Each structure stands twice: as C-alpha cells, then as structure tokens.
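In my numbering, the protein residues as written are 1 to 552. For each residue, glycine too, the CB sits at the ideal point set by N, CA and C. Every value quoted in this text rests on a predicted model; they were computed, and no experiment measured them.
This is the structure we're talking about:
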C-alpha cells in the first residue's frame, strides 16, 4: 500500500506544479497605444517641417484639429506668445467643429522677422474624449514685408530701419557703351532710380545698402575699342569710373547713391566684383564720396556685418574670372576679361548688323574652357572668326597693358602656367578651402555658386568655419536655399542676381536680397528675403517677394 501511495503522490505534485507554472505565465500584452489629437495650420505653409510661415498682414490664424472639439475645453487651453511673454490677451478664439480661429485684436500687429508660438494644452479635448498628447507648441514665423510699412500700434511703433539690402551686377558702362550698344545696363535705369528713392524714403526699413560688385563694368568693351582713350578723356581706371558715373543713363543713379550716403540713417557699402576689380577705395570715393569700401588692392573683398554672416561677389572661386596676379607679374586681369572684350564686340556688331589655328601648349583644362567661351561668343552673335594672331585687342594701358594684344598670345600666356599657379593663386586670393582646377574652379564659372558656398562656408568639414548666411553675386542668377535640406538646416545661401537688361539675361532681373538681422530687430531669427523690383503697369515700381528663409 505504501509503495503504491508514493508514486501517486509524485504524480499529484508534478501535476500541481505544471498547473501553477501555466497559471503564472504572463498573459500576452493586448494593450493599444493611446490615440491623441493632432493640429495644423492648413492655411499657412509648413516650411522644412519646422515652422509655419505667417504673412505679416494676417489678422487671424486658423487651427485645424483631427477631431471635433468639446466647446468647453477650448478656452484656457490655447495660448499665444512670443519672446516678450504671453500674448493670449490680444486674441479672441472662435471655435466650430474641428476648427479654431485665433482673431487678433485691432491694436495687435505681427512684427517683421519674428517668432510666435501657439500653445495647445492637454486639457483640450474632442467630443470622443481625445486630447493632445502633451503640451504642444506650434512655431510660427513672420518674414520681411518690404515696401509694406507697419502701422503704429500700442505694440509696434511703426517703421524702423533694421534691414540690409544687397544688390549686385548692375554693369554700368561709359557713354561709348550706350552710344554703341555694348552695355548690359540701360533699360532698368528707372527701376534702379526708384529703388534708391525708396531706400531714403521715410517708409523704408533699409539701414544698409550693400553693392556686391560689378556696379561699374570695365570689362565689357569691344576689343576694337581701347578701354582707355585720351580722345574721350579716359586715360586710367579712375577716368573710366568717372566716365561711367557721368554717362547720361547713369548720372541720376549716382546722384541717388550719393543721397543714400548722405542720409543720416543709411550706410552704403561697396564690395568689388570682377568687372570692377581694378577699382580702389580712392576711386570709389571720387564718384561716391564717403561710401564704405570693403575691398582691397587684390581685386577682391568681403563684408561681414555680424558673426555668422558673409557677403562677397563670388569671383574668388571662379578660375576664369578671379584675379590672376601670378600668370603675368604686375597684372591681375584673368582670361575672362579678354573673352568679355570679344563678347562686347559681338554685342556691338549685332546691334549694327555689322557682320561684315595653332593650339598653344599648356593646360588642357584652361584651353578647353577658353575655346568653349570663345566659340560660344562667336556662335551667339553669329560673328566671323577674328584673326587670332592679329594684335587687335586694344588695351590702352588698362591693368598696365599698354600694347595691343592678339587672342592667340593671350590664350598662350594663360595656358602656359595658369594651372600650375592655381594652388598659389588660391592662397594669395585667400580661398579658405583650395579647389581643384577642372572639377571645381572652372565649373564655378558656369554654376550658381551654391557648391562653392557649401565647400567654403557651410559644410564642415571641409569649411574651416560654418556661416549661417552667405550671400554672393556674380552669377546673375538670384536664388535662396537652405543647407542642408530638412528641418536641421544650419545655413542659408543667397544670391542677389542682377539688374542688367532682361534681354541680356536668361534669369529674372531687378533682383536683390533683404536681410533683417536679429541683432537689429531683437528677434530670435535672422530673415533673408529675395525680391524683384517690378512695375505695376503704371510706371511705378514695387517690391515683389520671390522667396524667403529664416534661421535661428
């Protein structure tokens, strides 16, 4: 009997243990993540998945929720603020279904270049009982409102001069250029005069006007016409710049530039470009007294109004158009100058309908670039091929060249050593990140210079220092881009474009940049606007915003 009882006891214990084991096993998790409400501003653009862009003239903001709201939970759970504090007292809330309209009080006006936050608290609930996951902040930003002055209110004293306007690449010629139809500038004379009138007007927010080079065009002179000619009172670069300022198309513009300088609240800043690289501070002050010169004797220059901002013409990174002081000692003009002389001849011939080689040894990359530019110019204007061996490029003493030159000897001079000297040329031109000749520097002469800005100033490495805002001219292509793409961007690249005649350019003209630095506005963000100065059909020009970006 005892022998039978023991095995039975063992079986009972095993069964009990098994039951206990299974009963203690954790049941599978069948819980579901909670569902929360979401909200957006459907009437406004969500930029970079980061913030909503408000219009400065907005009088309301519409919030759209994913669920119909419980009326009683709206008030007290939606707030509005900026860096000065709570602004909820300046809004009225109107709710219907899943929408809430935030109406601004009459005395409240949005500020330019400002950050606002909409706060949604968890107490906000839908009819089905859903709430916001946690306190939710929706960031909103305003931009510039160039040409639309703020009206004084209890929260806003009206217009303040807290913006930088950047223009470039006007390309003015002397009287010969206008008389013989080889000037890029002329048809936008009235527009530029109107723009400068606005700068000094009482409704303007502009504190600085920065000219990023190529206001004067000493390059665009047909090779059959001497740039320096005592017969027309031009014997030097100084005379040339004075002749440009005195040309009939330009003289009223220079009067207005002087008015900008003489205005108590506006500063005019000049950074040289490639077409006016032979200019100096003394020469500039002779034609625009007291303008602020941001160039040097090397044909380059830059302006940094605040840490993290850098403005320059951009030819420093262009193999074909940057100063080349080492190829021919005592001279700095690059090969692009001589091709421009050919181009000017094509312009003059095309206007008058007057359409009556051995390879040098040296840089293959340079020869290819020269030939492409040379042949393109001939093709573009339907020109006959000039005798490349004839000394038919009249110089007259410009940049120290007193004797006429041929296209062949000029091409040979650069081809012999320009690529060998390129590393040293970049060092002398203070290029932060040296570039290869073919892949980068030559390409920069045919690009929008975004990659140059990225390499030199935005991407680390290789850039030794990262800048928040980089502005170039030179390309004639106005643009505005953030870098890198997405909500984590750290830089803005901007190009001011050009003011040359529309029929001489494949890009929009009369373009410029308007920057509102947070150091002046007291904001949390710097704002960069890209504008075009357009006529409204009544002979009046007004700003038209093309694009805008901001960065904190």
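- Message: Excluding the 5 residues flanking residue 39 on each side, which residues of the same chain have their C-beta closer than 8 Å to its C-beta?
- Response: Setting aside the 5 residues that flank it on each side, residue 39 is surrounded in the same chain by 63, 64, 65, 66, 120, 132, 136 and 138, each with a C-beta closer than 8 Å to its C-beta; the list follows chain order.
- Of the choices 112, 467 and 225, whose alpha-carbon is the least far from that of residue 311? If we check each option's Cα against that of residue 311, 467 comes out closest.
- What are the residues that DSSP puts in a beta bridge with residue 472? Per DSSP, the beta-bridge partners of residue 472 are 495.
- What number of angstroms, rounded off, separates the C-alpha of residue 84 from the C-alpha of residue 90? 13 Å
- Below 8 Å, can you find three or more Cβ-Cβ pairs linking the region 328-341 to the region 211-229? yes
- If we call anything under 8 Å between Cβ atoms a contact, is residue 240 one with residue 174? yes
- Task: Please report how far the alpha carbon of residue 245 lies from the alpha carbon of residue 289, in whole angstroms.
- Result: 12 Å
- Item | Distance, residue 391 Cα to residue 327 Cα | 20 Å
- May I ask you to verify whether the region 195-203 touches the region 363-379, counting CB pairs closer than 8 Å and requiring at least 3? no
- Let me know if residue 286 comes out buried or exposed under the rule of 16 or more other beta-carbons within 10 Å of its beta-carbon. exposed
- For the candidate residues 87, 229, 320 and 111, whose alpha-carbon lies nearest to that of residue 145? With respect to the C-alpha of residue 145, the residue from 87, 229, 320 and 111 having the closest C-alpha is 111.
- Query: Mind checking residue 521: buried by the 16 CB within 10 Å criterion, or exposed?
  - Reply: buried
- Going straight from the alpha carbon of residue 101 to that of residue 128, what length do you get? Roughly 21 Å separates the two Cα atoms.
- Of the residues 264, 73, 493 and 166, the one placed nearest residue 130, counting alpha carbons only: 73
- Item | For residue 282, the first and last residue of its enclosing alpha helix (DSSP H) | 281-287
- Item | residue 554 burial status per 10 Å Cβ neighbour count (16 or more: buried) | A query on residue 554 cannot be resolved here, the shown segment of the chain reaching from 1 to 552 and no further.
- If I'm right that residue 393 touches residue 406 with Cβ under 8 Å, what's the distance once you round it to whole angstroms? 7 Å
- residue 140 - DSSP class collapsed to helix/strand/coil: strand
- Contacts around residue 187, its chain only, beta-carbon distance under 6 Å, and the 5 residues preceding and following it disregarded: 501
- Message: For residue 506, tell me which candidate among 483, 265, 58 and 184 has the shortest Cα-Cα distance.
- Response: 184
- Task: Tell me whether residue 196 sits in a helix, a strand or coil according to DSSP, three-state version.
- Result: helix
- Inter-residue Cα distance where the pair is residue 544 and residue 387: 47 Å
- Task: Go through its chain and collect everything with a Cβ distance to residue 594's Cβ below 7 Å, but skip five positions before and after it.
- Result: The structure shown does not extend to residue 594, since the chain is modelled only from 1 through 552, so no value can be given for it.
- Message: Alpha carbons only, please: which of 366, 432 and 493 is nearest the one belonging to residue 412?
- Response: 366
- In the structure shown, what three-state DSSP assignment does residue 456 receive? helix
- Query: With C-beta atoms as the reference, is residue 347 less than 8 Å away from residue 181?
  - Reply: yes
- Query: Where does residue 271 fall in DSSP's three states?
  - Reply: coil
- Task: Could you tell me which of 498, 351 and 548 sits nearest to residue 533, measuring between CA atoms?
- Result: 498
- Once you ignore the five residues that flank residue 515 on each side, which residues in its own chain have a CB closer than 6 Å to its CB? Excluding five sequence positions before and after residue 515, the CB atoms of its chain that fall closer than 6 Å to its own CB belong to 164 and 528, given in chain order.
- the region 228-242 contacting the region 255-266, beta-carbon criterion three pairs below 8 Å: no
- Message: Going by beta-carbon coordinates alone, are residue 299 and residue 474 separated by less than 8 Å?
- Response: no
- Taking residue 206 as part of the beta strand (DSSP E), name the residues at either end of that continuous run. 206-211
- Extent of the continuous beta strand (DSSP E) run through residue 311: 309-311 is the span of the beta strand (DSSP E), which, as asked, contains residue 311.
- Counting only runs of 3+ residues fully inside the region 20-93, write out the beta strand (DSSP E) ranges in chain order. 45-47, 51-54, 60-65 and 78-82
- Item | Local conformation of residue 534 per DSSP, three classes | strand
- Query: Between the Cα of residue 309 and the Cα atoms of 509, 539, 257 and 166, which residue gives the shortest distance?
  - Reply: 166
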